[in-house]
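Numbering (full-length UniProt numbering), first residue to last: 1 to 649. The C-beta atom is built at its ideal place from N, Cα and C for all residues, glycine as well. Only a predicted model underlies this, so the values are computations on that prediction, with no experimental measurement involved. Below is one structure; the comments refer to it alone.
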């Protein structure tokens with residue numbers, strides 16, 4: 001038998017038949033139905049049953065405020081603290097830590113001296129926990145009991161998670177106490193904030209003690225990273241970047257070398273011992289050696305590496321052709337966004353971080369409305385670039401400008417915007433990356449949407465992004481895309497449905513994608529596409545013609561970026577330059593130190609804003625409902641210019 005109270009029942013991403021039951025006790029069952037319909041039937045009924053039992057226990061044992069029963073379901077079957085005993089049942093599990101108060105009695109307000117006592121006890125516990133970590137790490141590397149023993153790794157991870165949780169709770173008590181005192185203290189009284197004597201998060205990352213030299217011995221670059229002023233105190237006024245200051249990018253950081261991944265397998269095993277199935281990885285500090293040498297904001301820019309296909313969308317002679325061209329551009333954008341075959345993770349952008357770049361595209365290389373969808377011309381012929389476009393006259397090329405900004409830290413939301421003023425087209429998007437641990441893989445859901453504006457035609461195309469998966473994280477990690485995305489144009493009635501297929505457990509192809517473009521009013525399919533998103537795509541049109549796009553032969557237009565000395569302190573490449581240089585040199589320890597300095601500064605700034613109740617002010621993007629919009633989009637500029645011209649006439 002398995003107690004369903006507090007359990008989580010969810011379909012598996014392995015195939016369409018499997019689902020999992022994660023019990024509150026930490027036990028997990030993986031079950032398989034005969035087909036997808038039966039799986040949905042079982043999942044639905046079990047979820048209803050689970051909710052019934054959970055609510056029944058909740059009524060008898062009300063939880064503390066801001067707690068939910070779903071937290072209990074995230075326990076791991078391997079964690080010592082949640083091993084199930086014969087006498088343990090769901091009721092006793094949920095009763096842990098929830099003491100009911102006698103009717104009519106109020107919770108006493110915690111006095112300042114009580115917080116001091118708590119702080120002292122926390123300091124003692126942290127000292128004991130450090131002694132435990134050191135004792136384990138002093139064990140020999142080989143023999144009967146080693147420092148890499150799985151049970152000891154689990155003990156380190158569990159004790160670390162417990163102390164982190166206690167520190168978070170202590171900080172909440174501090175904030176709560178301060179908020180209570182604000183209304184009761186006389187005017188002019190200042191509040192002395194109580195801080196833990198030891199910042200636990202700084203002493204241990206991934207369970208290892210970090211012994212860094214004293215502040216005076218730190219590299220100047222680290223001190224610089226730690227001392228950059230609060231972003232809101234810097235100029236937050238939007239900056240107009242002059243494309244003429246940008247130079248063609250010469251960086252070519254391919255990620256084809258496993259490098260330290262092979263050498264640091266024990267660190268990966270240790271990290272995995274701290275993770276639970278389905279755990280949100282947003283706040284998990286990952287080891288530096290798995291990082292790419294670029295920020296996530298720059299990765300979004302690399303999706304625009306075929307500006308010729310982007311500009312060609314508006315040249316379509318009909319709504320049907322423009323939708324098909326957009327689908328072609330969309331499907332060819334992902335392969336260049338990945339740097340090499342090895343799955344590595346880009347830097348998590350710091351809040352307020354920005355990235356600027358542009359592309360110059362000779363006008364003769366952009367397909368016009370006279371171009372056909374025939375396969376007679378190969379894509380590689382259509383996008384061949386001259387080696388030196390810089391010597392051309394100004395009117396001989398189009399310019400596509402790009403800007404991205406990290407507008408939120410929790411949740412991590414990025415906004416990006418690109419425009420081609422000459423062709424009156426732009427795209428605005430916001431993306432919230434949600435990552436989860438899936439066992440031997442990591443899944444990243446891209447929450448949000450983008451909108452392409454073709455102002456010459458008055459058309460708007462809304463689109464979403466697929467999920468990404470890092471597979472085989474213990475051997476040779478690789479990237480896979482999965483999920484269904486939709487592209488819609490409300491004005492023309494055309495839409496596209498695209499499926500990124502994940503590889504089945506047995507057989508099947510990698511990186512497969514299928515899709516179709518429909519005219520919704522007539523309910524007719526005007527184009528079908530199939531192939532691999534990183535290899536060859538086949539487009540079949542309603543007139544019987546077929547077009548093949550070989551992504552490996554598409555010429556890539558290098559982006560243009562300002563030199564580091566001309567970039568602002570919060571532009572991606574300048575912000576992460578010391579981390580990137582250390583990774584290129586293979587100095588993982590130094591890269592980790594620079595990365596930690598940036599992250600610690602961000603945490604300090606975030607804590608300061610919370611204590612002073614100061615909202616974060618963005619630079620280029622404005623909140624618009626649930627999304628974010630560029631502060632000076634092309635559709636507003638063009639509309640204002642047309643209005644001004646009308647008034648002058």
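Item                                                                                                               : Value
Sufficient close CB pairs (3 or more, under 8 Å) joining the segment 498-512 to the segment 533-543                : yes
Residue 127 - DSSP class collapsed to helix/strand/coil                                                            : helix
Spatially closest choice to residue 319 from 294, 403 and 490, by CA coordinates                                   : 490
Any 3 or more C-beta pairs closer than 8 Å across the segment 451-464 and the segment 430-440                      : no
Test item: CB-CB of residue 423 and residue 351 under 7 Å                                                          : no
Inter-residue spacing [alpha-carbon to alpha-carbon] between residue 363 and residue 9                             : 55 Å
Supposed contact pair residue 627 and residue 430 - C-beta distance, whole angstroms, cut 8 Å                      : 5 Å
Residue from 124, 416, 581 and 504 with nearest C-alpha to residue 618                                             : 416
Limits of the beta strand (DSSP E) - the one that residue 324 falls within                                         : From DSSP, residue 324 is part of no beta strand (DSSP E) but of the alpha helix (DSSP H) over 319-332.
Residue from 294, 125, 33 and 548 with nearest C-alpha to residue 584                                              : 294
Residue 246 beta carbon less than 7 Å from that of residue 358                                                     : yes
Own chain residues within Cβ distance below 8 Å of residue 12, not counting five before or after                   : 18, 19, 20 and 30
Touching by the beta-carbon criterion (3+ pairs, under 8 Å), the segment 541-548 and the segment 561-573           : no
Check whether residue 558 and residue 248 have beta carbons under 7 Å apart                                        : yes
Cβ-Cβ separation, residue 529 to residue 538 (assumed contact under 8 Å), whole Å                                  : 7 Å
Rounded C-alpha distance that separates residue 463 from residue 136                                               : 51 Å
Entirely enclosed beta strand (DSSP E) segments - the segment 394-477, minimum 3 residues                          : 397-408, 413-420, 425-437, 442-454, 459-463 and 467-471
Collapsed DSSP secondary structure at residue 251 in the structure displayed                                       : coil
Status (buried if at least 16 other CB within 10 Å, exposed otherwise) for residue 3                               : buried
Residue nearest to residue 326 in terms of C-alpha spacing, selected from 501, 119 and 517                         : 517
Member of 141, 577 and 479 whose CA lies at the smallest distance from the CA of residue 466                       : 479
Alpha helix (DSSP H) segment containing residue 585, residue limits                                                : 577-585
Among 348, 335, 301 and 32, nearest to residue 596 - alpha-carbon criterion                                        : 348
Exposed unless 16 or more other CB atoms sit within 10 angstroms - verdict on residue 544                          : exposed
Proximity to residue 308 [Cα-Cα], best of 132, 365 and 553                                                         : 365
Minimum C-alpha distance to residue 26 - residue among 6, 356 and 132                                              : 6
Assigned exposure category for residue 128 - 16 Cβ within 10 Å defines buried                                      : exposed
Three-state secondary structure (DSSP) of residue 348                                                              : coil
Closest by C-alpha distance to residue 632, when choosing among 114, 620 and 472                                   : 620
Burial state of residue 477, where buried means 16 or more other Cβ atoms lie within 10 Å                          : buried
Through-space distance from residue 469 to residue 403, alpha-carbon basis                                         : 26 Å
Delimiting residues of the alpha helix (DSSP H) encompassing residue 243                                           : That residue, residue 243, is in no alpha helix (DSSP H); it is neither H nor E in DSSP.
Length-filtered (4 minimum) alpha helix (DSSP H) runs lying within the segment 538-606                             : 572-575 and 577-585
Through-space distance from residue 165 to residue 243, alpha-carbon basis                                         : 48 Å
Straight-line gap, residue 300 to residue 405 (C-alpha atoms, nearest Å)                                           : 11 Å
Outcome for residue 486 when other beta-carbon atoms lying within 10 angstroms are tallied against a minimum of 16 : exposed
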